[in-house]
Amino acid sequence: MSLRKKSVGGSSIEGFLAEQMQDPSFADEYQKSEWEYQAAKAVIRLRLQHKMSQEQLAKQAGVPPSTIARIESMSFSPTVRMLNKIAAATETQLFVDFVEKTNGGSVPQMATAR
Numbered sequence: 269m270s271l272r273k274k275s276v277g278g279s280s281i282e283g284f285l286a287e288q289m290q291d292p293s294f295a296d297e298y299q300k301s302e303w304e305y306q307a308a309k310a311v312i313r314l315r316l317q318h319k320m321s322q323e324q325l326a327k328q329a330g331v332p333p334s335t336i337a338r339i340e341s342m343s344f345s346p347t348v349r350m351l352n353k354i355a356a357a358t359e360t361q362l363f364v365d366f367v368e369k370t371n372g373g374s375v376p377q378m379a380t381a382r
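Take a look at the structure:
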C-alpha cells in the first residue's frame, strides 16, 4: 500500500500510520489487511491485463465467480493454492518471497505474477 505524504489535521498520513503501528494489535491487523490488499490488486491487474471478466477468470481457474469477486473486494484471503489456480488460468507463474519488515511496518508490494 503506497501512502503519500498528505496532511491530515496538521500531520502526515505516514506520521499517523507510524504512530498507530506502535500498537501491536493495530500492526498485526494492518499486516493482515495489507496481504489481502496486495493480493486483490495483483489479481485485478492480472485479470485486466488478460482482458478477462471475473466470470471468465473464474471459469478458467475452475472456481466460482464469487471467489474471484471476494478476492478482489478483499473479503477473502486467498491461499497459495488459489493464486496458483489463477496463475495457471492466465498462463502466468506465481512468485512468492519473504522480505524484512520496514521500520514503518508496511509491507513491500507483492510481486506480480509473471
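If you count the sequence shown from 1, you need to add 268 to reach my numbering.
Note that beta-carbon positions come from the ideal geometry of N, C-alpha and C, so glycine has one too.
Item: Through-space distance from Ala286 to Leu362, alpha-carbon basis; Value: 31 angstroms
Item: Distance CB(Leu325)-CB(Ala357) smaller than 9 angstroms; Value: yes
Item: Sub-9 angstroms separation of Glu304 and Met342 beta-carbons; Value: yes
Item: N-terminal and C-terminal residue of the alpha helix (DSSP H) that Asp291 is part of; Value: From DSSP, Asp291 is part of no alpha helix (DSSP H); its letter is neither H nor E.
Item: Residue interval of the alpha helix (DSSP H) (run including Leu362); Value: It is not in any alpha helix (DSSP H) - Leu362 carries neither H nor E in the DSSP assignment.
Item: Closest residue to Ala308 among Ala355, Ala337, Pro333 (Cα-Cα distance); Value: Ala337
Item: Residue nearest to Val445 in terms of C-alpha spacing, selected from Val364, Val331, Pro333, Ser334; Value: The requested residue 445 does not occur in the structure, where the chain is confined to residues 269 to 382.
Item: Same chain, Cβ closer than 6 angstroms to Ala329, neighbours up to 5 away in sequence not counted; Value: Lys353, Ile354, Ala357
Item: Sequence-distant residues of the same chain with beta carbon closer than 7 angstroms to Phe294, five excluded per side; Value: Gln288
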